[in-house]
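See structure below.
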Amino acid sequence: MAFVSSAALLLLLAAAPDAGQPPAGLRCLTRYYTGELAHRPEGGWGYLLDGGTFIPWRAGPPSPRGDAGAPGDEDDDPPGVDLESIYRVPYVAGPIVPVDSSDAGTIEDPGRVRVEQLFLATYGASRTDVFDRLVKVRFFGLRYPFHELAAEPLRRVVARLEPQVLETPALKPFLTNIGGTFIWRKIARSKNLSTHAFGIAIDLNVHYWRWTRRGEPLRWQNKIPQAIVDAFEAEGFIWGGRWVHYDTMHFEYRPELLDPSCREGTAATMDGGVPAR
Ligand SMILES: [Zn+2]
Numbered sequence: 000m001a002f003v004s005s006a007a008l009l010l011l012l013a014a015a016p017d018a019g020q021p022p023a024g025l026r027c028l029t030r031y032y033t034g035e036l037a038h039r040p041e042g043g044w045g046y047l048l049d050g051g052t053f054i055p056w057r058a059g060p061p062s063p064r065g066d067a068g069a070p071g072d073e074d075d076d077p078p079g080v081d082l083e084s085i086y087r088v089p090y091v092a093g094p095i096v097p098v099d100s101s102d103a104g105t106i107e108d109p110g111r112v113r114v115e116q117l118f119l120a121t122y123g124a125s126r127t128d129v130f131d132r133l134v135k136v137r138f139f140g141l142r143y144p145f146h147e148l149a150a151e152p153l154r155r156v157v158a159r160l161e162p163q164v165l166e167t168p169a170l171k172p173f174l175t176n177i178g179g180t181f182i183w184r185k186i187a188r189s190k191n192l193s194t195h196a197f198g199i200a201i202d203l204n205v206h207y208w209r210w211t212r213r214g215e216p217l218r219w220q221n222k223i224p225q226a227i228v229d230a231f232e233a234e235g236f237i238w239g240g241r242w243v244h245y246d247t248m249h250f251e252y253r254p255e256l257l258d259p260s261c262r263e264g265t266a267a268t269m270d271g272g273v274p275a276r
């Protein structure tokens, strides 16, 4: 990973004395998402998308006009969503830790804040746009469509796992009968598109998916082995097994959440943050 050296940063600062230093998490987005850093006198630092849409790093107070969408859609972006909120809940990679479901409703899932405009700008703004950029990635015997921008990381996951599967054949069943990759759909009970719609998510063998039945209290369960979680996280994929509303077969490409340089100076780093890997 390339780092902006302190010296380079000082040069940046010298070039823009009024704007100050762009937050590390914002600067880091340029590595993974289409758009560029921008500074607005009234909006501060933010991200400028093709077409001129400006997404602020830190949103101001909510609009007095109250132009929020319909209430009650739990996975929808809150009004005035900003880029800083992507990092608000640190994603902690490493050893699998059971998620305490009794915290449901009080804690937030790492990575669940997705600024959809970034995905639309980067991966494609329509089903056809995304579809045209899908490539086939060989994944343990079959080839699956995946977005060209996330295909190489997925191939690297396979390269990490192949020798381990030879050594530990018990890993193989998790990696076959794959649940799916690309499908143009919205998140259940939400207006927002699933990361599967952008071709950057993969569901492993559905057989190992466990969900609490309707009416039963939510209880975290997992069968996905540590080695598989490690291989995906090492290549920039977050795991749905770290969510209260868990989805243990789900991995999605969110490199900004796993790149240590995205967290310099953020609350996550001050708390100890995510181990560099
Ligand atoms: Zn999924």
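Counting along the sequence shown from 1, when you hit position 14 you're at 13 in numbering that gives the first Met the number 0, and nothing is skipped either side. By construction, the Cβ of each residue, glycine as well, lies at the ideal position given by its N, Cα and C atoms. Just so it is clear, the structure is predicted and the values come from calculations on it, not from any experiment.
The region 116 to 134 and the region 43 to 53 touch, with no fewer than 3 CB-CB distances between them shorter than 8 Å. The three-state secondary structure of Ile-177, taken from DSSP, is strand. The three-state reading of DSSP puts Phe-139 in coil, since its state is none of H, G, I, E or B. With contacts defined as CB atoms closer than 8 Å, Asn-221 and Gly-240 qualify as a contacting pair. Placement of the Cβ of Ala-200 at a distance of less than 7 Å from at least one heavy atom of ligand 1 is found. Closest by C-alpha distance to Gly-140, out of Glu-161, Asp-131 and Ala-124, is Glu-161.
If you compare the alpha carbons of Ile-199, Tyr-122, Ile-186 and Leu-256 with that of Arg-154, the shortest gap goes to Ile-199. Rounded to whole angstroms, the gap between the alpha carbons of Glu-263 and Gly-24 is 7 Å. Straight through space, the alpha carbons of Pro-40 and Trp-242 are spaced by roughly 37 Å. Annotation for Val-164: Leu-170 and Lys-171 place their beta carbon closer than 6 Å to its own, counting only its chain and skipping 5 residues before and after. Here His-244 carries a coil assignment [DSSP, helix/strand/coil].
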